[in-house]
Amino acid sequence: MKFFVDTADIAEIRDLADSGLLDGVTTNPSLVAKSGRSFLDLVAEICDVVDGPVSAEVASTDFETMLAEGRKLAKIAKNVTVKVPLTPAGLKVCKAISSEGTMVNVTLCFSAAQAILAAKAGASFVSPFVGRLDDIGQEGMGLIAEIVEIYSNYEHFTTEVLVASIRNPMHIVESARLGAHVVTAPPSVLKSLFNHPLTDKGLAQFVADWQKTGQSIL
Ligand code: G3P
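Take any residue in the sequence shown, note its place counting from 1, add 1187, and you have its number in our numbering.
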């Protein structure tokens, strides 16, 4: 399972990249707005830090402009993944840009039917938003189970399921149980995977007992 971080905060990205656990980055217009950075500079900087796919989202909604934006973003670095919305025009852009050899992430997926369309359009990734479904009282992880099952029925569907809108560690664990290919989560949720009170308690005990030996390994 691949771990992407869902942020436009370059300091957080550098920190996680140093941990060796990071396989890629996803951004969206809301995260870019929050960062206050120039989008094109930011994407270039992230691509310098991370070797894996870096999702950069188009800003328009019509076919011609999205295509031009996607092509411009793709020129920034070879690991740019152009992110397009799951609309008829977005999927047309997906088909065109994928056939030019650039990875495409189809975002804002909220149904299995939409995920089938993304696979047929040749997307490298489809991003179902689990947290936003949970927010409206629908079972976000149920959608992941459906998409993983459907994609596994067809060898020619090479689109990876990229679980997005992750809010807690259980979303990640459940994604792994279901066999989703990728999760993208905020830095705080990725870091929370380390946490267990018994780890902290056990380590404190080992440190205290080691001090009693009066020894040093080095
Ligand atoms: O980047 C797409 C997705 O992960 C957004 O998550 O928390 O805004 O629903 P959220």
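Every residue, glycine too, gets a C-beta built ideally from N, C-alpha and C. Since we're looking at a predicted model, the values are computed, not measured.
Setting aside the 5 residues that flank it on each side, leucine 1229 is surrounded in the same chain by Ala1195, Ile1197, Thr1214, Val1219, Ser1222, each with a C-beta closer than 8 Å to its C-beta; the list follows chain order.
Residue state for aspartate 1228 is assigned as helix, using DSSP reduced to three classes.
For aspartate 1321, the enclosing alpha helix (DSSP H) starts and ends at 1317-1322.
Burial is judged here by how many other beta carbons sit within 10 angstroms of a residue's own beta carbon; glutamate 1361 has at least 16 and is buried.
Annotated as proximal: leucine 1365 and isoleucine 1331, with beta-carbon spacing under 8 Å. Membership of valine 1350 in the beta strand (DSSP E) is indicated by the continuous run 1347-1350.
DSSP places glycine 1211 in no alpha helix (DSSP H) but in the uninterrupted beta strand (DSSP E) bounded by 1211-1213. Counting only the Cα atoms, histidine 1383 lies some 21 Å from tryptophan 1397. Aspartate 1193 has its CB nearer than 7 Å to a heavy atom of the ligand G3P.
With contacts defined as CB atoms closer than 8 Å, alanine 1302 and isoleucine 1323 fail to qualify as a contacting pair. Across the set Thr1248, Gly1207, Ala1299, the C-alpha of Gly1207 shows the shortest separation from the C-alpha of glycine 1239.
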